[in-house]
Every structure is written in C-alpha cells, then in structure tokens.
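Residue numbers (our numbering), protein chains in the order written: chain U, 243 to 408; chain Z, 63 to 408.
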C-alpha cells in the first residue's frame, strides 16, 4: 500500500516536472511545478520525513512559487513563441546531456536497484532529533547558509536601490 | 481491522467535515443577522424561525442558477480555482483536536482527524496553498478587477504568513512540540490555582499578532483588499456569477474563518480544556466538544463584530502594518517566550 502511494506520487512528480519544462505558457509551467512539488512532498511523507514534506510545501509551493506567479501575472507574460530555429550545436549539446543523464540513472539503478533505502533511525518521524543534528553537527553549514541568504538579501536590496536613484 | 474500525475512521472524518460545512452555512446567517444588529435593522428574518433557514434557501438558489463561464476565461483553471479554495479550507481542520477522547465499544476514540507530529506545520502548509485558489480565480477570469484582487491577495497572504508563523512559533517553543494535542495538553491546569495555564497570558503579544494576521489570511475586513468592493467590484470573484462556484468561494471564506478561530482557541486558549474540568466517559467527551465549540464561537463572533465595525485599510497601510508592526512584534514575542522557557518559568 505504502509502496503503491510512493510510486504514484513519484510518477506524478516526474510527469508534472516534464509538463513544466514542455509547456509554452509560463503560468501553466509554474502550476505544473506546484503539482510536482506536492508529489515530492507526498514522497517525503512516505519516506517517514513529514517535517521535510511540510517545509517543502510551505517554502517552495506556498511562498517561492506564489512569488513567481505574482511576477508573471504582474507582467502579464503570454505564451512563448519560437522566434528562431535552434542552433545546430544546441541539439548536439542536448543529446550529450541526455546520454550523460541516462548513464547516471542507469548507474544509480545498478547500485541501489529499485529498493527504497531504509531511512536513518535518527531522522525518522520526530523533529527533535533533526533539530539536535542541525544545531550540533551541522551548525557551521547551517549558519553559513543563513549568512549566504543574508548576503543575497543585501545584494537584492542594493540592486533595487540603484534603480530608484535619480 | 474490523468493519467497526473502518466505520469509526469514516465517522472521524465525516462528522467534523459535516460540522464544518454546517458551521459555514450557519455563519452566513450569523453574519447577516449580526450586521443587522450592529446597524440597527432586522436582517434576514423571513425564512424559518429567526430566518434560520435562509442559508438553506440560498443554497437551493445557488444550485438552480445558470452557470456562466466567461468566453475569454481559461476554462480549466476557472473551474479548478473555487475547488482549490474550498479544499484547502476544509482539510486544514483535520489536525485540530476538538475534544477529549471518547470511550465507545471498548475503544478510546481520539476526537481529532489525524494526530500528526507536524500538526502546526500542516496547518501552515495548507494555508499557504489556499492562496492559489484566489490567485488562479483572479488570473483565469481574464478581467482586470479580478487580476488586481488576485495580485493583492497573494502579496498580502505571503506578508502576513510570516508574522503569523512567527507568533505561533512562541506557542511551539513553550510546548516544545508541533503536535496540536501536546499543545493542548500543556495548557491544562492553572497558575496560582485560578489563572488557567493558557498560552494567551504569558504570550499576549503573540496572540494579538496571530489573531490580527488571521484576518489578513482569511481576507476579512479590515484586510479584505482582495475583494474591496469599492475599488474592485468584487475582486477575484467578479466573474463568478452567483452560481455554485461563487458559493464555493463564499463557503471557503466561512470555513477559513471557523478554522482560524478553532486554531486560535487551540494555540492560545487551551483548546477543549477548562481549569477544573476533567472529562471522563461519553458525557465528558460531549462536554469537552461543547467547551471547544463555545470558545470557537466567541472568536467567530469577533470576526463578524470587527467586520461591521471597522473600515478597510488602504493597501500601503496594510503592507506597513504587516512588515513594520506585526513582524517585529512577533519577533519580540519569540524573544520573550524564549527567555521565559530558558528561565524555566513556563
């Protein structure tokens, strides 16, 4: 039963990720990504990581993609149209990328088979062990990440300020 | 699992769902009669005793109205949007405990849809998804008033979500759990023998910030900029002629209000607990549900009271209150609660 739900959610995630790439309308692409993220959240729940699932929905589906949607609607972006033929080397590169990706996928499948990895006991279900790890073993990366985000915030602020200067 | 177990699960899902939809219908009557009371006029009083059957008459009217989809609308999203709004509103209630456990047929039945370890986060996840209903309705209608309503709503909900979650973080900190049953459990008992151990007393600031934010999250006056009738006709649902789809938006608003009130009661007012009230048996379970309902009804009335008393804010005022007043106050509250917890006072 759990396996069935996981597989269905994973298939949904991949399907809508593909729709996101292929669809010509940017708003529809964002919506496809929302569904994809939702499927990913279900996958996390089935892997007994409900905290990650909730954060995934709150941060990505609930905040970042809403901002994407906000900007797209504000600018009223219409459907994309092909303005020129793709360059020949573009096709070659995409072919190479496809081969590399297929190789990676094959390697992963060979190494792990189709079995779902058993989650580390310290991280299943409850939030407290996760918080403890975050504030002890991974404290430095955690804090470095927050400084990085702050730097991005200051950068965005500076860029916005320059626009307003007379 | 036996048939009885399945039946109990089905009832645990369906009874709160029915109660929630019933509450939404009843609230539309309370809102209109309340408006009448505040504005010194009768309000709807013709259908049934005190006009109580008015919501039923409205529902029948909605069912029989012609359903019009604007020819230039995005059909799929236009139909989907009210569904998303109502779905996210209804499913939020699943993790809120609405009573003590009910002993029945040799089993202890917890009076909650699903007691998950990430209860509070689940509520916020679904609240953040509810914005899609409004934004998509605004965009798919292909109408400038609808679009403006949708845009306003998305910016507003994202801004106030920040203050709301930060205010709720204080409650999570003092209970050291995301589970809503744990949050209710730590609020039972009293301080000094007569003050209930409700979070509202040590965290008054957190409660004020949280409750103000719920007005913005549910798009209610004084923060109903998404449908500001004076500027935007009817905002995001302008193109939803009063058919069943409009009714779904209408219901979603009242369900959201009910869930917001229930959540406020659970986080800050001890949920179904009362000092000196130790429920046991079937009667205890029923009484605990009544206590929870009573507390929730008070906040529902507060929503109505505020709507017919206060004027609407301007959009720049709304943003200024959210970012420059509520968010710093919520952070201050978090610091205060952190201090209290560190000193071991709560």
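Backbone N, C-alpha and C define an ideal beta-carbon position, used for all residues, glycine too.
In this text, all values refer to a predicted model and were calculated from it rather than measured experimentally.
- Take the alpha-carbon of residue 266/Z and the one of residue 126/Z: they are about 47 Å apart.
- Under the 8 Å criterion on CB atoms, residue 240/Z is classed as interfacial with respect to chain U.
- Under the three-state reduction of DSSP output, residue 170/Z falls in the strand class.
- Going by beta carbons, residue 161/Z and residue 152/Z fall outside the 8 Å limit.
- About 6 Å separates the Cβ atoms of residue 287/Z and residue 377/Z, confirming a contact at the 8 Å cut-off.
- Distance from the CA atom of residue 274/U to the CA atom of residue 101/Z, rounded to whole angstroms, is 47 Å.
- DSSP, read as helix, strand or coil, puts residue 164/Z in strand.
- Residue 201/Z reaches chain U at 269 and 315, counting residues in chain order whose Cβ is nearer than 7 Å.
- Around the beta carbon of residue 302/U, 16 or more other beta carbons sit within 10 angstroms, so the residue counts as buried.
- Within chain U, the C-beta atoms nearer than 8 Å to that of residue 213/Z come from 312, 315 and 316, in chain order.
- At a cut-off of 8 Å, the C-beta of residue 134/Z has no neighbouring C-beta in chain U.
- For residue 250/Z, same chain residues with a beta-carbon under 6 Å away, outside a window of 5 residues either side, are 335 in chain order.
- At a cut-off of 8 Å, the C-beta of residue 209/Z has a neighbouring C-beta in chain U.
- The C-beta of residue 187/Z comes closer than 8 Å to at least one C-beta of chain U.
- Beta-bridge partners assigned by DSSP to residue 132/Z: none are found.
- Residues of chain Z whose Cβ lies closer than 7 Å to the Cβ of residue 292/U are, in chain order, 178, 179 and 180.
- The C-beta separation of residue 369/U from residue 240/Z comes to about 6 Å, placing the pair in contact by the 8 Å criterion.
- Of the candidates 232/Z, 350/Z, 354/Z and 289/Z, the residue whose Cα lies closest to the Cα of residue 216/Z is 289/Z.
- Between residue 264/U and chain Z, the shortest Cβ-Cβ separation is not below 8 Å.
- Secondary structure note for residue 310/Z: its alpha helix (DSSP H) is the uninterrupted segment 306-330.
- Residues 225, 228, 229 and 271 of the same chain have their beta carbon placed closer than 6 Å to that of residue 392/Z, with the five preceding and five following residues left out of the count.
- Contacts between residue 216/Z and chain U, judged by CB atoms closer than 9 Å, involve 308, 309, 311, 312 and 315 in chain order.
- Minimum Cα-Cα distance from residue 119/Z among the listed residues 139/Z, 88/Z, 383/Z and 148/Z corresponds to 88/Z.
- Residue contact check for residue 284/U against chain Z: no CB pair falls below 8 Å.
- Going by DSSP, residue 222/Z is part of the alpha helix (DSSP H) stretching over 206-237.
- Residue-level contact check: residue 196/Z does not touch chain U, since none of the beta carbons of chain U fall below 8 Å from its beta carbon.
- Put simply, of 345/U, 388/U, 337/U and 267/U the residue whose alpha carbon is nearest the alpha carbon of residue 311/U is 267/U.
- Take the alpha-carbon of residue 268/Z and the one of residue 296/U: they are about 23 Å apart.
- Taking 8 Å as the CB threshold, residue 193/Z lines the interface with chain U.
- Annotated three-state conformation of residue 253/Z is strand, per DSSP.
- Residue 286/U: member of the alpha helix (DSSP H) spanning 268-288, first to last residue.
- Counting of Cβ neighbours within 10 angstroms places residue 154/Z among the buried residues, the total reaching 16 or more.
- The Cβ neighbour count for residue 72/Z, taken over all protein chains shown within 10 Å, is under 16; the residue is labelled exposed.
- Judged by beta-carbon spacing, residue 204/Z lies beyond the 8 Å limit of residue 144/Z, meaning their Cβ atoms are not closer than that value.
- Setting aside the 5 residues that flank it on each side, residue 260/Z is surrounded in the same chain by 249, 331 and 332, each with a C-beta closer than 6 Å to its C-beta; the list follows chain order.
- Check the Cα spacing between residue 328/Z and each of 357/Z, 318/Z and 314/Z: the tightest is with 357/Z.
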